[in-house]
Amino acid sequence: MTYICPVCDEKMSSEKGMNLHQKKEHTEEEIKQAEKEEESSSNESEDTDQEETQKQEKENVTEETEKVDEGETKETKNENENKSETTDTETESQNEVADMEKENENEDTENQTDDQGDETDLSDLGKVKEEINDISESIEEQKQEKEAETETNSKDQEDALNEEEEEVEEMETGNEKVDEDMEIDPSEIDLDDIEIDDDSEDIEDLEVEEPDTEPVQYEDTDIENEMGDLLEKVNEMDEKVAKAVKAKEKRKKAETEVEELKKQKEEMKKNIEKLQKKEVEEKQKLRDIKNKGKKLNVKIHKIEENVTGLEERKKGLKQDISDLREEKKSLKKDIKRISSNMEKLKQNLGELQN
Numbered sequence: 115m116t117y118i119c120p121v122c123d124e125k126m127s128s129e130k131g132m133n134l135h136q137k138k139e140h141t142e143e144e145i146k147q148a149e150k151e152e153e154s155s156s157n158e159s160e161d162t163d164q165e166e167t168q169k170q171e172k173e174n175v176t177e178e179t180e181k182v183d184e185g186e187t188k189e190t191k192n193e194n195e196n197k198s199e200t201t202d203t204e205t206e207s208q209n210e211v212a213d214m215e216k217e218n219e220n221e222d223t224e225n226q227t228d229d230q231g232d233e234t235d236l237s238d239l240g241k242v243k244e245e246i247n248d249i250s251e252s253i254e255e256q257k258q259e260k261e262a263e264t265e266t267n268s269k270d271q272e273d274a275l276n277e278e279e280e281e282v283e284e285m286e287t288g289n290e291k292v293d294e295d296m297e298i299d300p301s302e303i304d305l306d307d308i309e310i311d312d313d314s315e316d317i318e319d320l321e322v323e324e325p326d327t328e329p330v331q332y333e334d335t336d337i338e339n340e341m342g343d344l345l346e347k348v349n350e351m352d353e354k355v356a357k358a359v360k361a362k363e364k365r366k367k368a369e370t371e372v373e374e375l376k377k378q379k380e381e382m383k384k385n386i387e388k389l390q391k392k393e394v395e396e397k398q399k400l401r402d403i404k405n406k407g408k409k410l411n412v413k414i415h416k417i418e419e420n421v422t423g424l425e426e427r428k429k430g431l432k433q434d435i436s437d438l439r440e441e442k443k444s445l446k447k448d449i450k451r452i453s454s455n456m457e458k459l460k461q462n463l464g465e466l467q468n
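Start counting the sequence shown at 115; every next residue gets the next number (the numbering used here).
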C-alpha cells in the first residue's frame, strides 16, 4: 500500500516512513493546510460527482454499510492494538531506563566502597610497614649495644683470666724450685765418709754431774729461718691458688654469660629474619593491592564505556518514544478524519434513505 504526502506528493510505502518524512521535510502548518486543501478538493469533486454517485450509492447501500461496519471494527482493533503497543513500548522503555540507572548507581556505590576499602588497606599497610621499620631499627640498635657489651666484657674477663693464669704459673714455678732445693738425693751421701768414734772407755770414766738449774737457750739457726720463709711462701701459694680457683669460677661464669649472649644473638637474628620475611610479605600484599587497583581501574573504565553506551541507548529510546508519540498523534488525526468521513457517509445514507 502506498501513502502520498499531501504537501509534496511524495510516495511512501508505510505510514511510519510518511510520518518521518513529514517531520523532517514539512511543518505542521504546511501539513494542516495541505490536508484542508485536500479535503476541500475532495468536497468539490464530491459535489460535481454527487449526482452520479447517488445512483451508485443507492445500488451499493447494503455493500457500503457492511464495509463500514467491517472498517469500524478493524479501526477500533487497530486503534486498541496501537494503543496497547505504544503503552507497552513506553512502559518497557521506562523500565529499562530505570533498571539501567539503578544498575549504574549500584555499580558506582560498589566502586566507591571498593576504592575506600583499598585506601584503608593501603593506609594500614603503610602504618604496619613503618612499625616494622621502627622495630627493625630498635632491634639493630639493641643488637649493636649487646655486641659491644659482650666484646668489652669478654675482653676484660680474658685479660683478668690471663693475668691470674700468669700468676698461678709463676707460683707453680716457685714451688717447683723450693721443692728442688729441699730434696736430698740419697745417692749423693757416702756412708764411708761418716766417722763414728768409739768412746765406751771414756764413758765409764765420766762422772755424772748435776744439771744446772737454768735451761739452755738455743739460738735461731739458718734452718729455722729457711723453714719460716718456706711457710710464708706456702701461705702465699695457698692464697694464689684460692685466687686462681676464684678466677676459674669467674671464667666459667663469663663463659656461660657469653653462651647466653650468643643464644640471645641467635634469637635476635631469627626475629630479624622473621621481620624481614614479614616485610617481604607486606610488600607482596602491597603489590597485590596495586594490581587489584589497576584491575579496578580497568573495570571502572569499562563501566564508564558501558554507561556511555547505555546513555546513547537511552537517547535512542527517548527518540523512539517521541517518534511513537508523533505516530500516535498522526493515528489520532487519521482516526478523526476517518470518523468524520464515516459521519458524512452516514448523513449521505440518511439523506438517500429519506
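Just so it is clear, CB atoms sit at the ideal spot from N, CA and C, and this is done for glycine as well. In this text the structure is predicted, and so the values were computed from the model without any measurement.
Just to confirm my understanding: we take E254, look at its own chain, exclude 5 residues before and 5 after, and list those with CB closer than 7 Å. What are they?
No residues qualify anywhere along the chain.
Please list, in chain order, all residues of the same chain as E333 whose beta carbon is under 6 Å from its beta carbon, the five residues on each side excluded.
Summary for E333: the model assigns pLDDT 46, below 50, so the residue's position carries little reliability; its value from the coordinates is reported in the next sentence. Around E333: no qualifying Cβ.
Have a look at T266, E369, Q258, K130 and flag the residue whose alpha-carbon is nearest the alpha-carbon of D437.
Among T266, E369, Q258, K130, the Cα nearest to that of D437 belongs to K130.
Considering H140, what are the terminal residues of the alpha helix (DSSP H) in which it resides?
For H140, no alpha helix (DSSP H) segment is defined, and its DSSP state is neither H nor E.
I need the straight-line Cα distance from L463 to K428, nearest angstrom please.
Approximately 51 Å, taken between the alpha carbons.
If you draw a straight line from the C-alpha of C122 to the C-alpha of H135, how long is it?
Each residue's Cα considered, the two are about 10 Å apart.
Based on the DSSP secondary-structure assignment, which residues constitute the bridge partners of K125?
DSSP lists I118 as partners of K125.
Rounded straight-line distance, which links the Cα of L400 to that of K413
The straight-line gap from Cα to Cα measures roughly 20 Å.
Is the beta carbon of E261 sitting closer than 9 Å to the one on K379?
Judged by beta-carbon spacing, K379 lies within the 9 Å limit of E261, meaning their Cβ atoms are closer than that value.
From K360, E139, K146, residue whose alpha carbon lies closest to that of E447
With the sequence shown as reference, residue 447 is identified as Lys, and Glu is not the correct amino acid for it. Nearest of K360, E139, K146 to K447, Cα basis: K146.
In angstroms with no decimal places, state the Cα-to-Cα distance between K458 and P120.
CA-CA distance, K458 to P120, rounds to 21 Å.
Grab me the residues of K366's own chain with a C-beta within less than 7 Å of its C-beta, minus the 5 sequence neighbours each way, in chain order.
So the list is empty, once near-sequence residues are dropped.
Where S314 falls: helix, strand or coil (DSSP)
In this prediction, S314 scores a pLDDT of 45, lower than 50, which makes its location untrustworthy; the coordinate-derived value is nonetheless stated afterwards. Three-state DSSP puts S314 in a helix.
Nearest-angstrom Cα separation, counted from I417 out to I452:
Going from the Cα of I452 to the Cα of I417 covers about 51 Å.
Can E425 and N133 be called in contact, C-beta distance under 9 Å?
Not closer than 9 Å, so no.
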